[in-house]
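Peer 1: Line by line, the protein sequences give chains A and B.
Under the working numbering, the residue at position 105 of the first sequence is numbered 135, and the numbers go up by one with no gaps.
Under the working numbering, the residue at position 29 of the second sequence is numbered 59, and the numbers go up by one with no gaps.
C-beta atoms are modelled at their ideal positions from N, C-alpha and C, and glycine is treated no differently.
2 protein chains.
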Amino acid sequence: METQIGIIGLGLIGGSLAISLRNKVDESKIVSAFYSDEESLIALERGLVDEVLSFEDVCKTSNIIILATPVELIQQLLPKVLDLVSENTVVTDVGSTKKSICDSIAYHPKRKQFVAAHPIAGTENNGPQAAIDGLFNGKLNILCDVEKSDKNAVNKVKELFESVGMHTTFRDADEHDRQLAYVSHLSHASSFMLGLTVLDMERNEENIFNLAGSGFESTVRLAKSSPEMWSSIFAQNKTNILTALRSYIENLQAFYQLIESDNTSKTKELMIAANEVRRVLKN
Amino acid sequence: METQIGIIGLGLIGGSLAISLRNKVDESKIVSAFYSDEESLIALERGLVDEVLSFEDVCKTSNIIILATPVELIQQLLPKVLDLVSENTVVTDVGSTKKSICDSIAYHPKRKQFVAAHPIAGTENNGPQAAIDGLFNGKLNILCDVEKSDKNAVNKVKELFESVGMHTTFRDADEHDRQLAYVSHLSHASSFMLGLTVLDMERNEENIFNLAGSGFESTVRLAKSSPEMWSSIFAQNKTNILTALRSYIENLQAFYQLIESDNTSKTKELMIAANEVRRVLKN
């Protein structure tokens, strides 16, 4: 029997899922999708999907639906998707925030058909033209609040992401958002503002970027990320991100003051403490 | 005729120069070096150098001397090196700050024999065990205040670094320090404090690092750098680094306030402006 997977949103993540699923899934399946006209066109041209259907038709005819738009749009679309799907359809998403998405359908009669997911994968590029096969290979997928979903639905979604090479872990939506604020969202804010600071300086310093080495490239890489996607994430995970940003700014201010007061030994101490990241980084 | 190159300090940069020079330089040359006993032992074991001489002997017998210790030590050693060398010896360094190093020998009678250099290369690892061949290949070497050096000395140093694959650019020492504060030193401060912020949070959030993706790894990679080396750089380039840090903190505070006041359109605007880094990054 053919399973139809409907992907709503064919950016980097949705598009990469489409390619990866087509290459990995053994039964023959139609991957259909709906989003902006432009994305759909590129997706069809690149062969990411078999067919582009209307939003309503995707919801009504697919066995599995994956929401892969920016998070605020996921939050808006999810209740409508659940309204439209049949009772055997499983719905999941790939949003980088989870609490507000789960809240949006907390009392929906079809709540159990939804499984909140966050596959941690990406590059700083976006759109269907950036979609690549193998993006999810060896990466981690976080399933949230699974006790609120039907057990079979959880298994289906778990297997779907595992079929493209992912491992699975579980978190409460609250916990997910709190932790991601630190290990992902803060990195993006830090990188965006670092890029901006040096670009500001460029007005006074000709050819400054000629002197940039690989260290600068590494810390500023995320400043290339999609403002559309990230303004949505910052809005949805506001409280946690503000807490993380506040701690970060406080640490920078403390560091500033130590350098200003020539307190070399304490400056060194803070950096020795920061070296501890070696323990948690793979590379 | 044999040319003896003396490298003082065999950490990542000094050690990598030793390997790379041995593999590239066509005449037979002895690379000798002096620094800590421990480093010397590893350097001899790894075959980085032919011989380990005393500081005095390195200075008296080498044709070219490269200072490759942390920058504060370069500043302390440089006048002593110039005191000891013969009038045909050329002295250079690899320090990440240039103004205070140049100031330390501004009125030295052998000033013209010194050529201030900053080869922009490195990894987040350090010590002679981290030394690798090819580290400088395709990278940029900055020569500073060359009008204060003998022309032949400048040519010798330029060729030395070009022999291991580097391109050459020129800056005033002032300009170098101002620009590097933005495109290198600030990235390190940002990364050290980012690492510290998330490590602080780890005390409350079990397994938080399991959720970290490649974005976090990228922004926090530099937090693995040597506190010894970086406390020295922050001290030596204090004024410029404080200016850069202040701008960065101000941008972060502005970003914080925009998120706090739900000003999504302005948040997005700042990120669109930051996206401009695409223009200046190679990858």
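#1: Give, in chain order, every unbroken run of the alpha helix (DSSP H) that is at least 4 residues long and sits entirely within the segment 109 to 136 of chain A.
#2: For B/Lys128, is the beta carbon positioned less than 7 Å from some heavy atom of the ligand ATP?
#3: Counting only runs that start and end within the segment 189 to 222 of chain B, where is the alpha helix (DSSP H) found for 4 or more residues in a row?
#4: Give the residues from the segment 198 to 214 of chain A that approach chain B closer than 7 Å (Cβ to any Cβ), ordered along the chain.
#5: Residues in its own chain within less than 6 Å of A/Gly225 by CB, not counting five upstream and five downstream?
#6: At a CB distance below 9 Å, what residues from the segment 151 to 174 of chain A approach chain B? Give them in sequence order.
#7: Determine the DSSP secondary structure at B/Leu40, reduced to helix, strand or coil.
#8: In or out: A/Leu107 buried (at least 16 other Cβ within 10 Å) or exposed?
#9: Take A/Cys89 and list the residues in its own chain whose beta-carbon comes closer than 6 Å to its own, dropping the five residues that flank it on each side.
#10: So for A/Ile162, helix, strand or coil by DSSP?
#11: Which class does A/Ser66 belong to by DSSP, given the choice of helix, strand or coil?
#12: Just reading off the alpha helix (DSSP H) that A/Leu300 is part of, what are its end residues?
#13: Considering only the beta carbon of each residue, do B/Val310 and A/Phe222 sit closer than 8 Å?
#14: Work out the CA separation of A/Gly152 and A/Ile38 for me, nearest whole Å.
#15: Rounded to a whole number of angstroms, what is the C-alpha to C-alpha distance between A/Leu83 and A/Val61?
#16: Indicate whether at least one CB of chain B lies closer than 8 Å to the CB of A/Val307.
#17: Does B/Lys54 get closer than 8 Å to chain A when you measure Cβ to Cβ?
#18: Check each candidate in B/Glu86, B/Ala136, B/Ala98 and B/Gly45 and name the one with the smallest Cα separation from B/Asp80.
#19: Run down chain B in chain order and give the residues with a C-beta less than 8 Å from the C-beta of A/Ala303.
#20: Three or more C-beta pairs closer than 8 Å, one from the segment 181 to 192 of chain A and one from the segment 203 to 214 of chain B: is that the case here?
#21: Compare the beta carbon distance of A/Leu272 and B/Glu290 with 8 Å and say whether it is the shorter of the two.
#22: Measuring straight from C-alpha to C-alpha, what distance separates A/Glu292 and B/Ser130?
#23: What residues of chain B sit near A/Glu290, judged by a beta carbon separation below 7 Å?
Peer 2: In short:
#1: Counting only runs of 4 or more, we get 129 to 134.
#2: As presented, the structure is devoid of all ligands, the ligand ATP included, so that no description of it is given.
#3: 203 to 210
#4: So the close ones are Thr199, Arg208, Gln209, Leu210, Tyr212, Val213 and Ser214.
#5: By one-based count along the first sequence, residue 225 of chain A stands at place 195. So the qualifying residues of the chain are Val250 and Ala253.
#6: Ala151, Gly152, Thr153, Glu154, Lys169, Leu170 and Ile172
#7: Translated into the one-based positions of the second sequence, residue 40 of chain B becomes position 10. Coil, per DSSP.
#8: The residue you call residue 107 of chain A lines up with position 77 of the first sequence. Buried, because 16 or more other Cβ atoms sit within 10 Å of the Cβ of A/Leu107.
#9: Position 59 of the first sequence, counted from the first residue, corresponds to residue 89 of chain A. Taken in chain order, the residues that qualify are Val111, Leu114 and Val115.
#10: Stepping through the first sequence from its first residue, residue 162 of chain A is reached at position 132. In this structure, A/Ile162 counts as coil in the three-state DSSP scheme.
#11: Along the first sequence, one-based indexing puts residue 66 of chain A at 36. The answer is coil: DSSP assigns A/Ser66 none of H, G, I, E or B.
#12: Start at 1 with the first residue of the first sequence, and residue 300 of chain A comes out as number 270. Looking at the DSSP string, the run of the alpha helix (DSSP H) that includes A/Leu300 is Thr294 to Asn305.
#13: Locating residue 310 of chain B in the second sequence gives position 280, counting from the first residue. Locating residue 222 of chain A in the first sequence gives position 192, counting from the first residue. No; because the gap between Cβ atoms is not below 8 Å, this pair is not in contact.
#14: By one-based count along the first sequence, residue 38 of chain A stands at place 8. By one-based count along the first sequence, residue 152 of chain A stands at place 122. Looking at the backbone, the Cα of A/Ile38 and that of A/Gly152 are separated by about 17 Å.
#15: As a position in the first sequence, residue 83 of chain A is number 53, starting the count at 1. As a position in the first sequence, residue 61 of chain A is number 31, starting the count at 1. Straight-line Cα distance between these residues: approximately 10 Å.
#16: For the purposes of this step, residue 307 of chain A is identified with residue 277 of the first sequence, where counting begins at 1. It does; some Cβ of chain B falls within 8 Å.
#17: For the purposes of this step, residue 54 of chain B is taken as residue 24 along the second sequence, with counting starting at 1. Closer than 8 Å: no.
#18: Walking along the second sequence from the start, residue 80 of chain B turns up at place 50. Of B/Glu86, B/Ala136, B/Ala98 and B/Gly45, the residue nearest in Cα terms is B/Gly45.
#19: By 1-based counting over the first sequence, the position of residue 303 of chain A is 273. Result: Leu226 and Leu229.
#20: no
#21: Reading the first sequence from its first residue, position 242 is the one you call residue 272 of chain A. Reading the second sequence from its first residue, position 260 is the one you call residue 290 of chain B. Against a cut-off of 8 Å, the Cβ pair of B/Glu290 and A/Leu272 comes out as a contact.
#22: Numbered from 1 along the first sequence, position 262 holds the residue referred to as residue 292 of chain A. Numbered from 1 along the second sequence, position 100 holds the residue referred to as residue 130 of chain B. It is Asp, not Glu, that sits at residue 292 of chain A in the sequence shown. Those two C-alpha atoms are separated by around 15 Å.
#23: Within the first sequence, numbered from 1, the residue matching residue 290 of chain A stands at position 260. Leu272, listed in chain order.
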